[in-house]
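K.L.:
Heads up: the sequence shown at position 45 corresponds to 45 in the UniProt record's numbering, and the numbers run straight through without jumps.
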Amino acid sequence: MAVQIITALLGSLGFALMFNLGRRNVIPAAVNGMCTWIVYILVRNIIDDVFIPSLAASLWAAIYAEIAARIMKAPANQYLIVGLIPLLPGAPLYYTLSAAFDSDWKAASAYGNSTMLFVLGIAVGISSVCGCDDIIRRLKNKKAESLSKHI
1 MAVQIITALL GSLGFALMFN LGRRNVIPAA VNGMCTWIVY ILVRNIIDDV FIPSLAASLW
61 AAIYAEIAAR IMKAPANQYL IVGLIPLLPG APLYYTLSAA FDSDWKAASA YGNSTMLFVL
121 GIAVGISSVC GCDDIIRRLK NKKAESLSKH I
């Protein structure tokens with residue numbers, strides 16, 4: 001487990017450097033990737049499924065990205081993208097395509113289903129946080145506008 005966590009940190013750090021995030025943003029973005037993988041591992045130990053752990057981990061990554069963006073005064077996307085790097089379903093996608101090329105349609109279907117649930121969990125997690133953040137921002141803007149009209 002420690003090897004996975006260190007690998008998630010180093011992989012995320014590599015992508016943060018590759019994306020030229022800047023000195024002050026590289027470490028927070030890489031830490032998001034490491035913490036995202038920790039959340040995935042912890043939830044996966046409790047729930048033996050792929051959807052819920054990927055959902056929980058992507059929720060973490062998106063929330064962390066929004067908070068870090070406000071603290072560091074930088075775009076949330078850079079923290080989110082680097083934070084999601086460890087979650088990319090490379091192995092399941094590889095096994096899906098490998099089984100499909102071997103014409104093992106049963107295995108391809110099983111791996112494909114798992115891959116789709118994994119990706120769906122990531123998408124739902126990101127969409128939920130971004131949607132809630134957008135709603136909160138709009139409500140704050142409306143409240144500020146209504147207060148300025150009364151003054």
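All C-beta atoms, glycine included, are put in the ideal place defined by N, C-alpha and C.
Owing to the predicted nature of the structure, the values given are computational and were not obtained by experimental measurement.
1. What residue from Ser103, Pro86 and Ile6 has the CA that sits closest to serine 58's CA?
2. Quick one, which of Leu147, Val82 and Leu55 has its alpha-carbon nearest glycine 14's?
3. Could you have a look at alanine 74 and say whether DSSP puts it in helix, strand or coil?
4. Hey, how far is the Cα of arginine 70 from the Cα of proline 92?
5. Quick one, which of Ser98, Ala8, Asp102 and Asn77 has its alpha-carbon nearest tyrosine 64's?
6. Between the Cα of proline 28 and the Cα atoms of Asp133, Val43, Arg137 and Leu80, which residue gives the shortest distance?
7. At which residues does the alpha helix (DSSP H) containing proline 28 begin and terminate?
8. Start and end of the alpha helix (DSSP H) containing leucine 9?
9. Is the beta carbon of valine 39 closer than 8 Å to that of alanine 16?
P.N.:
The answer reads as follows:
1. Per the Cα distances, Pro86.
2. A check of alpha carbon separations from glycine 14 across Leu147, Val82 and Leu55 identifies Val82 as the nearest.
3. The answer is coil: DSSP assigns alanine 74 none of H, G, I, E or B.
4. Rounded to whole angstroms, arginine 70 and proline 92 show a C-alpha spacing of 34 Å.
5. The option with the nearest alpha carbon to tyrosine 64 is Asn77.
6. The alpha carbon of proline 28 has as its nearest neighbour, out of Asp133, Val43, Arg137 and Leu80, the alpha carbon of Leu80.
7. Segment 23-46, the alpha helix (DSSP H) holding proline 28.
8. In the DSSP annotation of this structure, the continuous segment of the alpha helix (DSSP H) that includes leucine 9 starts and ends at 2-18.
9. Cβ atoms of alanine 16 and valine 39: not closer than 8 Å.
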